[in-house]
Amino acid sequence: MLLLTTIFIIVLVFVLIEKRKKKSDKILGVYSQPGQWYFLKYVTFLLVLTIRKMKTKITKRLGKRGSSGLGESAYSEIEDLEKLQQLSEHEKAFDAVFFHAVDDSGYYLCGGIERRQKGKANGLLYLMVPKLGLLSNLRLPKTSMNVDALSLHHKKTYAAEGMCFTPVKPMKLWTISYNGKMKVNENSDNMVDVHLEADWFSDFPHFIFDTDMHSKPLARAIARETWSKEYFETLKTAHQTHYEQMGYLKGKLTVNGEKIYLNMKSFRDHSFGHKRDWTLMHRYIYHTIFLTDDTRISVGVISQPCTSSYLEMGYVITKDRKFHPIKDCDLILYQHGEGGTPPKEICCSVITDKDTYHILAISQRDAVHYKGDDVEARMVERFMTYEVNGLKGWGISEWHYNNIRN
């Protein structure tokens with residue numbers, strides 16, 4: 001009896017305290033803060049995610065196809081992921097692949113293609129070449145382009161205007177190629193002939209964000225927002241499948257006849273879904289980091305106010321090839337470049353269940369391009385050096401700004 005009375009009093013006090021709380025104002029009118037019923041919402045959604053992840057594991061073991069959403073995945077076979085996806089009928093349907101590669105001598109590669117409706121795509125390719133500078137495909141800073149006719153017909157490769165990304169063996173091998181002119185240091189009056197032939201290969205496991213990311217940051221993000229029927233409907237319609245994989249890139253780059261052999265650490269991602277509406281996104285910052293001891297870090301903070309105004313996500317792969325999802329990150333968006341100009345260097349920390357990583361990030365070169373009909377999203381692509389817990393590293397960071405609202 002005493003135990004029940006104690007529990008009743010605790011619950012009553014909790015309810016009274018929560019009812020007295022005022023609704024928290026959003027920082028800068030964008031970033032939601034913990035408010036009334038935050039703790040209860042956090043625990044509830046954490047439980048939902050835990051159950052969904054357990055359901056996905058059971059479904060996968062039984063060889064059945066589940067449903068996609070936060071905490072669960074419909075894709076039990078990698079062959080279903082590693083292919084050009086059927087675009088939905090929505091006008092903003094998408095299917096996108098993206099690649100990063102770096103080495104310790106100053107070479108960087110950043111490129112990808114986002115397939116859209118009506119034979120269109122958003123495509124880009126940057127190559128940082130020491131002693132020459134930053135090479136970029138001719139259409140940049142615009143990215144809207146026509147998909148190659150052969151790619152449209154066979155649907156076996158992501159190809160547009162000279163660049164081509166082709167899946168060969170699921171989660172094992174892709175080929176990357178480019179043939180055409182590129183601008184030097186974003187100067188249209190200074191162009192070079194470029195031919196790239198490379199293999200992207202991996203023996204790393206892949207990381208599906210629906211099921212593999214740490215549950216706590218996602219539960220925190222959802223608990224901060226105001227819950228309603230409309231809010232949860234938006235969560236469903238805005239959902240995207242996104243997975244990443246670390247690997248390597250080897251190949252040959254020819255610039256004006258001069259051959260350069262590439263041997264780089266690399267990363268790729270693949271995203272697809274019912275729609276990608278860049279106008280819904282307020283901001284994000286992503287870092288892909290490769291350290292000298294072969295530790296690799298992918299960390300991002302995202303603000304899409306209709307679903308979550310602040311979400312931390314990512315993982316660390318230690319040199320023994322083990323995944324450690326990130327459970328906390330102190331990279332606060334509104335404290336870093338909120339006005340549209342990223343600082344040259346930033347510091348932040350990320351925490352996994354095993355370790356804390358203190359990151360110093362310094363930009364060596366920035367380049368700007370646009371997506372969403374060449375106007376909706378402004379991207380600052382940043383070619384970086386890093387120091388993490390005393391270890392040197394290299395990588396690429398992408399800063400997104402909503403170009404309609406700002």
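According to full-length UniProt numbering, the stretch in the sequence shown is residues 1 to 406, in order. All residues carry an ideal CB built from backbone N, CA and C; glycine is no exception. Since this is a predicted model, take the numbers as computed values, not measurements.
Below-8 Å beta-carbon distance, residue i vs any chain B residue
{"i": "N122", "result": "Looking for chain B here will not work: only one protein chain is present."}
Span of the beta strand (DSSP E), counted from its first residue to its last, around residue i
{"i": "A96", "result": "94–102"}
{"i": "F272", "result": "258–273"}
Close beta carbons around residue i, own chain, < 6 Å, minus the five adjacent residues each side
{"i": "K392", "result": "T292"}
{"i": "M213", "result": "M313, P325"}
{"i": "D374", "result": "K142, S144"}
{"i": "Y286", "result": "G300, E398"}
{"i": "V316", "result": "I297, H324, T352"}
{"i": "V350", "result": "V299, I326, C329, Y357"}
{"i": "T254", "result": "H195"}
{"i": "R115", "result": "D95, A121"}
{"i": "R405", "result": "none"}
8 Å contact criterion, which residue i and residue j should meet: CB distance rounded
{"i": "P170", "j": "E82", "result": "4 Å"}
{"i": "V388", "j": "I289", "result": "7 Å"}
{"i": "L109", "j": "M264", "result": "7 Å"}
{"i": "M128", "j": "F383", "result": "5 Å"}
{"i": "E338", "j": "L28", "result": "7 Å"}
{"i": "G300", "j": "F94", "result": "Not quite, the Cβ-Cβ distance comes to about 18 Å (not below 8 Å), so this is no contact."}
{"i": "F98", "j": "D269", "result": "5 Å"}
{"i": "E197", "j": "L134", "result": "Not confirmed; about 21 Å, so no contact."}
{"i": "A367", "j": "C306", "result": "Between C306 and A367 the Cβ distance is about 29 Å, and since that is not below 8 Å, they are no contact."}
{"i": "S136", "j": "K183", "result": "5 Å"}
{"i": "Y31", "j": "S309", "result": "5 Å"}
{"i": "T385", "j": "T211", "result": "The Cβ separation is near 33 Å, so there is no contact."}
{"i": "A101", "j": "S271", "result": "Not confirmed; about 19 Å, so no contact."}
{"i": "K252", "j": "K259", "result": "6 Å"}
Sequence-distant residues of the same chain with beta carbon closer than 8 Å to residue i, five excluded per side
{"i": "K344", "result": "I362, S363"}
{"i": "A160", "result": "I113, A121, G123, M145, N146, V147, D148, S151"}
{"i": "Q33", "result": "S24, D25, K26, I27, R224"}
{"i": "G390", "result": "none"}
{"i": "A377", "result": "W278, M281, Y370, K371, H400, Y401, N402, N403"}
{"i": "S215", "result": "L46, L49, T50, K53, G71"}
{"i": "V168", "result": "W174, T175"}
Residue span of the alpha helix (DSSP H) that contains residue i, given as start and end
{"i": "Y231", "result": "229–237"}
{"i": "E244", "result": "Segment 240–255 is the beta strand (DSSP E) holding E244; no alpha helix (DSSP H) there."}
{"i": "F204", "result": "Note, F204: premise wrong, no alpha helix (DSSP H); not H, not E."}
{"i": "K120", "result": "Note, K120: premise wrong, no alpha helix (DSSP H); beta strand (DSSP E) at 120–129."}
{"i": "L152", "result": "149–154"}
{"i": "E79", "result": "78–81"}
Coil, strand or helix - residue i by DSSP
{"i": "S105", "result": "coil"}
{"i": "L28", "result": "coil"}
{"i": "I404", "result": "coil"}
{"i": "E114", "result": "strand"}
{"i": "M213", "result": "coil"}
{"i": "S88", "result": "coil"}
{"i": "L49", "result": "helix"}
{"i": "L140", "result": "coil"}
{"i": "L135", "result": "strand"}
Neighbourhood of residue i by C-beta distance below 7 Å, restricted to the same chain and skipping five residues each side
{"i": "Y42", "result": "A219, R220, A223"}
{"i": "T318", "result": "T295, H324"}
{"i": "Q117", "result": "L87, E91, A93"}
{"i": "D104", "result": "W394"}
{"i": "I346", "result": "H336, A361"}
{"i": "P205", "result": "F323"}
Unbroken stretches of the alpha helix (DSSP H), 4 residues or longer, contained in the UniProt domain "DUF7064" (277–402): Counting whole runs of 4 or more residues, the UniProt domain "DUF7064" (277–402) contains the alpha helix (DSSP H) stretches 372–375.
Whole beta strand (DSSP E) elements within the region 158–202, 3-residue minimum: Listed in chain order, they are 158–160, 163–169, 173–184, 187–201.
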